[in-house]
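Everything on this sheet refers to the single structure shown next.
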Amino acid sequence: MADEEWAERQRQLTAAGLLVLGKAAQSRIQRLSDISSLIEAAQRSNVTMLNERAVEEMLTLVPTEETIDAPPSIPRSEQATLPNPESQSTFGRTLAPVGTQVLAPPVRRHGLDHYSLDDFPMLAKDVDAEIEIHFDITGRSMTEGKMQDIRSCFSDRLRQIRQMMISGRALPRRPISVSEAWRNRQRYSSRDYEVTLVGLVSTEGWARTGTLKFDIEDETMEVRCLLKPPSGASSLHPALDGLMNDDVVGVSGYFLMGEGDPRFFVTDIHMPPLGRHSKAAASEAEAVSAAFLSDVHVGSKTFLAPQWEKMIEWFRTDPLARTVKYFVLSGDGVDGVGIYPGQERHLAIKDLFNQYGELARLLEGLPDWVDLMILPGNHDAVRPAEPQPALDPEVQQEYSDAVFVGNPCDFSLHGVRVLSYHGKSIDDFVAGLRSVTYSSPELAMRAMMERRHLAPSWGGKTPLSPEPEDRMVISTVPDIFVTGHVHGHYVGNHKGTTMVHSSTWQDQTDYQRMLGFQPKPCILTIVNLHTHATASIPFA
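Structure below.
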């Protein structure tokens, strides 16, 4: 069988979630005239790895053309009492037209989408690496943690996002300061004289009537706001879904004057602008791919070592793997030490540096054409406050040819803008918004994009470093937005941005079992930088 024919068969097997191991298995499969029966048998048996023995076992379950002999030809004798049917004209009517049957491709495991190898056209070894870092906090942290730093951080956030709203025409009129609106509250006390404000949110919650109560604060003062759900509002409307503490939003409305303190009645709420994004693409001559993974948790007893070896074997043998130029690990490469009470009893490797040494050994199995990028997460040996710097040089020396960056990191691969963030703030979005759950992390990612901020809430579950410039603001809309942290998996599109929630390499933990949460481990996400096609490869 020619190399091209084998490559096509390997593509069909990979699309069905099957990995061929060894020359003997390859040779056996090459001798088959058709592999659809083999694929069907493997999927029915829940087999994912095909060595020679597995191939033979699968072929015994569903007959192939090799195992089916044609039935003997039996001459038909004519009956004396009936006319020969072959000598008679056929009369009758067609009850239904017979169409050509279109066979649907087999369903992939975990419900993952199919992909075409044609959308991943370039071999990685034929292209030089091209990485440009736009933002990384490493070596650039300016804060001393003082109150003035906190004020500067929030003032800068308000300034950045307010300017986005004004320049992006997200507001119906030019906003005025809260203090100016308050001074003229008698004037702005009816629908005929509405005003627009922009500020930071401090939420109180919903009244029994369903009205959302919150404060808006800018550099001058704060005012209490009331927001009723509009008729026919989507469940994602802020009046129903909620707001995050320290969101920057715009509100239009008027003051309700009564016996108590005036309240600002919100007739419309304005989020930062996020229009349809037009993605950049690598050139046709640089049409390589990037692979995304997170939360490997080396050192944990629940690290899935056999599945890691399957992935390394896939990198050595699969045609799609040969297109992968970059491997981005978005935090929590190790399980860490002392991250939570009682962690030690869950550790297979109890020394932190030994955990990083084992991770380095595992990553050495990647082919030499793959360039590695490593970000930290909340389990890593860096400060917990975000933005986080890159791993310490003492840790980095365990690794060869890896690019270490901070969390989050804004960078480009062959001109394609990538924003990678570990995703600790997803915990805050789950707590703060009604729509977001741990089983749907993509909704938290959409909320970040719509707010143009990765982690808005100060004092929540995500420690934040009060840098004089708020570097968690999404100042440039990315072509690819990547998170991890909650051990799910998602690939999709939001307003033109490819969104990837990277899978984990850790089995269900005791804490997840207590919550009833089932992770989606061992799925490698591939994105081609030219076509922006995606592929999700399962190894468990």
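In UniProt numbering, the protein residues as written are 1 to 540.
No residue lacks a Cβ here, since even glycine has one placed at the ideal position from N, Cα and C.
- Distances from the alpha-carbon of L366 to those of Y421, F265, I426, Y326 put Y326 closest.
- Per DSSP, reduced to three states, the secondary structure at G357 is helical.
- Looking at the backbone, the Cα of P456 and that of V477 are separated by about 17 angstroms.
- Residue range 3 to 15 is occupied by the alpha helix (DSSP H) that includes E5.
- A buried status is given to Y254, since no fewer than 16 other beta-carbon atoms sit within 10 Å of its beta-carbon.
- In the pairwise beta carbon analysis, the region 270 to 288 is classified as not touching the region 374 to 390: fewer than three pairs are separated by under 8 angstroms.
- Short of 6 angstroms from the beta carbon of D215, and not among the five residues preceding or following it, lie these beta carbons of its own chain, in chain order: S202, E222, R224.
- Cα atoms of E442 and Y490: separation of roughly 7 angstroms, rounded to the nearest angstrom.
- Counted as a single uninterrupted DSSP element, the stretch harbouring T60 is not any beta strand (DSSP E) but the alpha helix (DSSP H) occupying residues 52 to 61.
- For V395, the enclosing alpha helix (DSSP H) starts and ends at 393 to 396.
- T14 and L240 have their C-alpha atoms roughly 43 angstroms apart.
- If you draw a straight line from the Cα of R151 to the Cα of L359, it is about 40 angstroms long.
- Counting along the chain, the unbroken alpha helix (DSSP H) around R28 starts and ends at 23 to 30.
- For A305, the number of other beta carbons within 10 angstroms of its own is below 16, and it is reported as exposed.
- Q518 counts as exposed, since fewer than 16 other C-beta atoms from the protein chains shown sit within 10 angstroms of its C-beta.
- Note on R361: under 16 other CB atoms within 10 angstroms of its CB, so exposed under the neighbour-count rule.
- Going by C-alpha positions, D368 is about 12 angstroms away from T323.
- Cβ-Cβ distances below 8 angstroms link Q355 to V298, G299, V334, D335, G336, V337, I349 in the same chain, with the five nearest sequence neighbours on each side left out; the list follows chain order.
- Only residues of its own chain outside the window of five on either side were considered, and among them L171, V198, G250, H270, P272, P273 have a CB closer than 7 angstroms to the CB of M165, listed in chain order.
- DSSP, reduced to helix, strand and coil, places L240 within a helical segment of the structure shown.
- The C-beta separation of I29 from Q12 comes to about 10 angstroms, leaving the pair out of contact by the 8 angstroms criterion.
- Residue range 324 to 330 is occupied by the beta strand (DSSP E) that includes K325, with no alpha helix (DSSP H) assigned at that position.
- Beta-carbon to beta-carbon, I137 and P384 are separated by about 13 angstroms, too far to satisfy the 8 angstroms threshold.
- The region 464 to 472 makes no contact with the region 508 to 523: fewer than 3 CB pairs, one atom from each, lie closer than 8 angstroms.
- Q397 is classed as exposed because its beta carbon has fewer than 16 other beta carbons within 10 Å across all chains shown.
- Bridge partners of A282 according to DSSP: none are assigned.
- The three-state secondary structure of Q343, taken from DSSP, is helix.
- Take the alpha-carbon of N493 and the one of A24: they are about 41 angstroms apart.
- C-alpha of T483 to C-alpha of S234: approximately 26 angstroms in a straight line.
- Check the Cα spacing between T302 and each of W314, H346, R263: the tightest is with H346.
- Within 10 angstroms of the beta-carbon of Q148 lie fewer than 16 other beta-carbons, which makes it exposed.
- Secondary structure in the region 399 to 481: the beta strand (DSSP E) runs of 3 residues or longer, each lying completely within the stretch, are 402 to 404, 409 to 413, 416 to 420 in chain order.
- Taking S412 as the centre and dropping the five residues before and after it, the same chain places the C-beta of E132 closer than 6 angstroms to its C-beta, in chain order.
- For the set T497, S502, K495, L529, the Cα lying nearest the Cα of G488 is the one of S502.
- G205 sits exposed, since fewer than 16 C-beta atoms from the chains shown fall within 10 Å of its C-beta.
- Taking the Cα of N378 as reference, the smallest distance to any Cα among R169, V296, W308, T211 is reached at V296.
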